[in-house]
Amino acid sequence: MNFIKTYLGDLFLTTRFYLAGAVAALLFIIAFLVPVILPFVTLVFLGLLVLMLADYVILFAIANSPRATRQLASRLSNGDKNEIVLRIRNRSRLGITVMVIDELPVQLQERKFKMQQHLSGGQQRSVAYSIIPTERGEYLFGNIILFAQTGLGLISRRFTISASRTVNVYPSFIQLRNYQLISRTATSNEPGSQRKRKIGQSMEFEQVKDYVSGDDIRTINWKATARRGGLMVNNYVDEKSQQVYCVIDKGRLMKMPFKGLSLLDYAINAVLALSSVCLQRQDRVGLLSFSNKLTTLLPAERKPVQRENILQALYKEQTDFLESDYEMLYTQVRQKIKQRSLVMLFTNFESLSGLRRQMPYLRSIARHHLLLVV
């Protein structure tokens, strides 16, 4: 069985072989009508068999099997182009033509993927292509299959290279990086931006320091002064730790597709980029998601680890796309978010009447927080 699998199971006849066979059959038909050319036709047919045998010996006995590896990132970005590189190496001294088939994940629904490359003896070549995932989750890449042919091109041999690998597709972190760069460079250069004079004093404590002429005497720390025997004052910095909550509707209307992605995935990608920019500006960011019930609650923090916490929470978001309960959302926001915050709600309404039905709950949330509906 192993012999048959090794020397016959990977043998495939090419289009060139069938064309040559069709020509030989046509010549035999003509020889039946004109018997004088039968020896010539027989010689041509025998020559075809010899060439096929020589092609078989080269591929299955002489030539070394080619090698291929796949290089891709440990994480893929949802909705963006992700580059994948295949490195193919011809280990034989003879030149071959290789048709490459990469077994792509079933989520991509790509059934016609193939690339053809010609490799000289000992040559290694890198071939790059891009995929655009449209769903979050685990993507299983299968084996790399090579169909090798010699210059004769009458038969091809299949080489199956084990390269199975599972890669997670996360919300669009490529957009996250782009918006991080924009927030660093473009904010102060936007048309119409101007410097604003701050009135009053922040109460975010930084340190206790020695009193120097010009310090506000109202900030004298009398306990520290008594311990040190000299005037000590409290030093404060501008308060930047505003509280921002991103709320994602995972209800029925967020299933609507647009250019390959659902509105829910667009909202998740936007929340990831927005929360990253807010954390970069030293604000506290939290996350809520809901449909008929509250499914995710991530309290607002500004620690460096919060960005990764939000990314993991968004990656794990699952939903049955049930009807959204805004009354429940109002109740949970009142209970879970005690401090007045900027609440950004990512949702969808199919009609104005649907919006009007939920407007009382949105107004109720807006009485206690600054509500922005996206």
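Residues 1217 to 1590 (this note's numbering) make up the sequence shown, in order.
Glycine is no exception: its CB is placed at the ideal position from the N, C-alpha and C atoms.
Residue i versus residue j: straight-line alpha-carbon distance, rounded
{"i": "Asn1525", "j": "Ile1278", "result": "55 Å"}
{"i": "Pro1251", "j": "Leu1243", "result": "11 Å"}
{"i": "Arg1413", "j": "Lys1471", "result": "Confidence at Arg1413 is low in this model, with a pLDDT of 48, below 50, so its placement is unreliable and no value can be given for it."}
{"i": "Glu1422", "j": "His1584", "result": "29 Å"}
{"i": "Glu1354", "j": "Asn1384", "result": "5 Å"}
{"i": "Lys1532", "j": "Pro1387", "result": "10 Å"}
{"i": "Ser1580", "j": "Lys1552", "result": "15 Å"}
{"i": "Phe1565", "j": "Tyr1577", "result": "14 Å"}
{"i": "Leu1292", "j": "Arg1573", "result": "39 Å"}
{"i": "Ile1253", "j": "Ile1245", "result": "11 Å"}
{"i": "Lys1328", "j": "Glu1319", "result": "10 Å"}
{"i": "Ile1415", "j": "Asp1432", "result": "Reliability fails at Ile1415, whose pLDDT of 45 lies under 50, so the model's placement of it is uncertain and the value that follows must be treated cautiously. The straight-line gap from Cα to Cα measures roughly 15 Å."}
{"i": "Leu1545", "j": "Asn1294", "result": "28 Å"}
{"i": "Phe1537", "j": "Val1463", "result": "16 Å"}
{"i": "Lys1330", "j": "Met1315", "result": "7 Å"}
{"i": "Cys1494", "j": "Leu1586", "result": "16 Å"}
{"i": "Lys1509", "j": "Phe1562", "result": "16 Å"}
Check whether residue i and residue j have beta carbons under 9 Å apart
{"i": "Phe1357", "j": "Thr1376", "result": "no"}
{"i": "Ala1284", "j": "Leu1362", "result": "yes"}
{"i": "Leu1477", "j": "Thr1535", "result": "no"}
{"i": "Gln1458", "j": "Leu1504", "result": "no"}
{"i": "Ile1371", "j": "Asn1298", "result": "no"}
{"i": "Gln1365", "j": "Asn1485", "result": "no"}
{"i": "Ala1247", "j": "Val1239", "result": "no"}
Helix, strand or coil at residue i [DSSP, three-state]
{"i": "Arg1341", "result": "strand"}
{"i": "Phe1233", "result": "helix"}
{"i": "Ala1483", "result": "helix"}
{"i": "Lys1425", "result": "strand"}
{"i": "Thr1180", "result": "Residue 1180 is absent from the model: the chain starts at 1217 and stops at 1590."}
{"i": "Thr1350", "result": "coil"}
{"i": "Leu1538", "result": "coil"}
{"i": "Met1268", "result": "helix"}
{"i": "Val1590", "result": "coil"}
Nearest-angstrom beta carbon gap, residue j and residue i [assumed within contact, 8 Å]
{"i": "Ser1567", "j": "Asp1465", "result": "Ser1567 to Asp1465, Cβ: 16 Å. No contact."}
{"i": "Leu1530", "j": "Val1487", "result": "6 Å"}
{"i": "Gly1446", "j": "Asp1426", "result": "7 Å"}
{"i": "Asn1306", "j": "Pro1321", "result": "In fact, because the Cβ distance is near 28 Å, the residues do not count as touching under 8 Å."}
{"i": "Tyr1461", "j": "Ser1557", "result": "5 Å"}
{"i": "Val1424", "j": "Asn1450", "result": "6 Å"}
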